[in-house]
Each structure stands twice: as C-alpha cells, then as structure tokens.
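Please read the structure below before turning to the comments.
Listed below in structure tokens is the structure:
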C-alpha cells in the first residue's frame, strides 16, 4: 500500500515537473544550453584550479585598453572622472558587469590621485558602488583620498537623472566619462553632452537599440558581450580569465547549431522527401523547434 | 565573513530563482517570498538614497568653496524635494493615476499621424500641479533634446572618413530614402524600388547583425551569472587581490 502511495506521489511529482516542458518544448532547449554551459564552466574551472591552464590568449579590446589612457589624460588635465553605471537596478546583469569595471577604474583613480564622481539612479546601486569604490581606494593604499560623496544618489527618474548628470558634466567638465551599464533613451543625451564638454568617452552596453548612439558619440565602445568579458579581461586571475574560454566554446556550439539548423531546414524545404531518412528527420525535428516563429 | 555571507546568500537565492524557471512547481513559493523581499528591501533603499541626496546637497549648499551655479542647483533640488514630499503627504496620489497624455496613432488620415490624446486628469494639487504642470513638461523637454542630439551625432557618424563610415552613410541614406514617399518616386524614375532595398537592409542585414549581438549577450549573461553565483566574480562586494 505504501509502495503504491509512494509511486503515486512520485507520479504526481513527475507530472508536475514535466508539465511546463510538455506545454513549452523550448524550455528543454534552454535547459540543455544551460547544462552545457555549466558543465564546460566547471570543466575549465577545474583545469585552471589544477594549473593545467596557466594563461589564455585574449584578443585586444580597444575600449578596455583605453581606460588607463583616459584616466591618465584626465589626471594631466586636472579634471575629474565621471562614471555612470546605467539607469537599471542591481538586479540587472549589465549593472553588475559595470560594477566590475568600476572596481578597476576607481582603483586607477586612487593610484593617479584623480578626482572621481559617480552619480547613480538607484539607491541599492549607490550602496554597492560606495563599497566597491571604498575598497578600491583601500587596495590602492589611498583610503585618505576616499570621500563618501564620491558616489551619490540623484533620482530614479530616467530624464531627471539625465538632466542631473548633464548638469554635472556642464559644471564639472570631466576629463573622461565612463558610460557603462544598461541605458535607454537617455544614452545619447548623456553622450552628446559629454562630447560637447570635450571629455574622452568610453561606453559599454548590451542594449542593442542604444549601441548606435554610443558608437556615434563616444570614443570607444564595449559592444554587447565585451561588457561581460571586461572583468575577466582586466583581471589578473586565471579563474576569471578562463570563463572567456567557456564563453567562446558556447558561442561555437551556437554557431554550429545555427549552421546545421539553417542547412537542414533549407534542404527540407527544397526536398521534403528527405524526412524519410530517420536521422535527418530527427535533426529536422530538433532544429525545427529552435526556429523563432 | 564579510564576503562569504553575501556570496552564500547570492548562491542560494540565485540557484532557487534558476530552478524556478525550469521547475516552477517545485520552487514557486520560495521564489515568490524572495521576490517580495526584494520589493521590501528596494523600498527601504529609496529612503537611504533620498537621505544621501539630501545630506550631500545640504553640504554643497553651505560649503564656502561651492560655485554659485552649483549652490543654486542644490538649493532648487532641496526645495523641490521637500515641497514634493509635503504636498504628496497632504494630498496623496490617486492610485488610479497613470499618465496624463498618451501617443495615439491616427489611422483616419491619409498619412498616419501620431496625436497626443489627453486623458482624464485627477484634479488634486499633487497630480495636477507637480506632475501635470511641472514634471511632465520637464521630462518632455529632456526627451525632446534627443531630436537635436540625434541630428548632431548622425552628422558626425555619417562623415565618410573611411570605408566603414562610407558604407554606413550609404546604408543610412538608402534606409532614410526608402522610408519617405519621395524616395520611391525619385528612384522609380530609374526603375528601382528603394523601399524594398531599405526593407532588405533593416529586415535581413541589420536583423542578422542584431541577433548575433543578442546571442553573444545572452551567453555572456549566463557566464557572468554563473561567475556571480559561484563566487568567482567578487567585484560587487569588494574584491581583494
């Protein structure tokens, strides 16, 4: 009796677990990709931890190489650095990626004794950014230069924030401006004001719609995934860097999937009889599911 | 402990949220509780933000080294903040209030026009004065700046300095001409339907490039999330090298 009860409970459990996958088969593809990325992530971590990989080749990213140049230029001109982490909250992955770059930028500012200004539009981001900047100044051995008002809250409102930052740019005339994070319509308002102030501008975002604006108005731009690769690129730690390898392997898998899927679906649309071959039929069914309709 | 505890909390909550995506029936209730906590924490953080803004603005106002422009801006900010809070507390916001006007596509005319449709506005002082008469015009003014900034940025981007910029100029010209009736008329004289070429550029070439960036962004997002979950990325909690 107990056995039947347990088996019924398990049956109900499995029914509940599998229901979303029956309803939306695309969820299974997501799970497969997540598992693939996770397995390769842990595999490369294992290799790096056991010193089986000491160094990896990373292509040059001009926007990240120019950070030192921008801070150096500001220092020579005696002007402050302005850092904008986007307008989204801490739960946005772009904001978190931006905070990783912030750690490096504020560390360099502390080293060069350059003034640092960071207005933020979310109060949670403010508290986290204050910690990051404080820690960077401490790491650089210049905690005496750190002030609490370096990172400050402006407003949650999109255009209110843009107006506030524009005012700061006009009054303070920063030597370098970093626009790194998630941006919406305010991106060009900020970038153009920065351009008119004569600042060297380094931007980075994964927002597709804002990228053209940054490319038009800024000196260097981190395009899409480069924003997420930045922390690994700037880090000296192999554990950080190795994740780029993982990223590339996953991209290769996606590229191969896209190529095979396009090929199979094209052949199928020209010769529908090809579906009689069981292997091709299976491949067609798999890649048919990946098509965005 | 200062670093380990946030990392532990990040890992646990992050894993629960991921599980919820793939197994909503199993972790649904816990995820709901976590989401409620996030709302509560964010609400308290706003108070922190306002206090920070007030303290820094007050300090800048009284400091003798502050420039007069900066001082005026800070005084305006403090006064606006206090007045808005007081009026908001006295009159309260109408919970049904959404926005005063919205953009409506007028399909009745020959050329589709975008019109402003004024919605019914609550007459209390908070919504009608603070929002309708001050906040909305100021926001609209900031947004309208985009039109001029797009023009100046386009001018710089479209200068044919090298091969890439020339291609950009060419593509942009085709797209612009393809979107206006005169483009089809002019190119129709040489037997070319430029709106089709324009559509091809946006729907095929541009869409392909955008999807490539989006896929790479998606992969990057997953990798950085795993780094955060398993404590490899520690910059946000203060990284020590």
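Chains as they are written, first to last, in the working numbering: chain A, 2 to 294; chain B, 353 to 593.
For every residue, glycine included, the Cβ atom is placed at its ideal position computed from N, Cα and C.
Nothing here was measured: the structure is a model prediction, and the numbers come from that model.
Taking a C-beta cut-off of 8 Å against chain B, the contacting residues of the segment 222 to 238 of chain A are 224, 225, 226, 228, 229, 230, 232, 237 and 238, listed in chain order. Residue-level contact check: residue 405/B touches chain A, since one or more beta carbons of chain A fall below 8 Å from its beta carbon. A Cβ-Cβ contact shorter than 8 Å links residue 214/A with residue 188/A. The beta carbon of residue 190/A lies closer than 6 Å to those of 163 in the same chain, with the five residues before and after it left out. Distance from the CA atom of residue 223/A to the CA atom of residue 90/A, rounded to whole angstroms, is 20 Å. Among the residues facing chain A, residue 573/B is included, as its CB has a counterpart in that chain under 8 Å away. Per DSSP, residue 153/A is one residue of the beta strand (DSSP E) stretching across 152 to 154. Listed in chain order, the non-local C-beta contacts of residue 75/A below 6 Å within the same chain comprise 82, 115, 176 and 177, local neighbours out to five positions each way being set aside.
With contacts defined as CB atoms closer than 8 Å, residue 501/B and residue 193/A qualify as a contacting pair. For residue 119/A, there is no enclosing alpha helix (DSSP H); the enclosing beta strand (DSSP E) has its first and last residue at 117 to 121.
If you check the CB distance, residue 526/B and residue 557/B do not come in under 8 Å.
Residue 27/A is classed as exposed because its beta carbon has fewer than 16 other beta carbons within 10 Å across all chains shown. Residue 17/A and residue 372/B have their C-alpha atoms roughly 13 Å apart. Counting other Cβ atoms within 10 Å of its Cβ, residue 289/A stays below 16 and is therefore classed as exposed. If you draw a straight line from the Cα of residue 246/A to the Cα of residue 57/A, it is about 8 Å long. Contact check between the segment 243 to 257 of chain A and the segment 33 to 41 of chain A: three or more CB pairs, one atom from each, fall below 8 Å, which counts as touching. Proximity to residue 138/A across 148/A, 272/A, 124/A and 111/A peaks at 111/A, based on C-alpha coordinates. For residue 179/A, the enclosing beta strand (DSSP E) stretches over residues 177 to 183. Contacts between residue 562/B and chain A, judged by CB atoms closer than 7 Å, involve 209 in chain order. A Cβ-Cβ distance of about 12 Å is found for the pair residue 205/A and residue 235/A, leaving them out of contact under the 8 Å criterion. Taking the beta carbon of residue 585/B as reference, the chain A residues within 7 Å of it are 101 and 232, listed in sequence order. The C-beta distance from residue 482/B to residue 439/B rounds to 6 Å, short enough to meet the 8 Å contact threshold.
Chain order gives no chain A residues near residue 517/B, where near means a beta carbon separation below 9 Å; the closest approach is about 11 Å. With a threshold of 8 Å between beta carbons, residue 241/A makes contact with chain B. The C-beta distance from residue 119/A to residue 134/A rounds to 7 Å, short enough to meet the 8 Å contact threshold.
When DSSP reads this structure, residue 204/A sits in a beta bridge with 180/A and 222/A. Taking a C-beta cut-off of 7 Å against chain B, the contacting residues of the segment 173 to 200 of chain A are 186, 189, 190 and 193, listed in chain order. Think of a sphere of 9 Å around the beta carbon of residue 566/B: the chain A residues whose beta carbon falls inside it are 207, 209 and 225, in chain order. Any Cβ of chain B closer than 8 Å to the Cβ of residue 142/A would place that residue at the interface, and such an atom is absent.
In terms of beta-carbon proximity, residue 441/B stays away from the interface with chain A, with every pair separated by 8 Å or more. Of all residues in the segment 360 to 386 of chain B, only 370, 373, 374, 375, 376, 377 and 378 come within less than 9 Å of chain A when Cβ atoms are compared, listed by chain position. In terms of beta-carbon proximity, residue 508/B lines the interface with chain A, with at least one pair separated by less than 8 Å. In this structure, residue 107/A sits away from residue 86/A, with a CB-CB distance that is not shorter than 8 Å. In the DSSP annotation of this structure, the continuous segment of the beta strand (DSSP E) that includes residue 87/A starts and ends at 82 to 87. With respect to the C-alpha of residue 571/B, the residue from 95/A, 217/A and 167/A having the closest C-alpha is 95/A. Counting only the Cα atoms, residue 425/B lies some 13 Å from residue 173/A.
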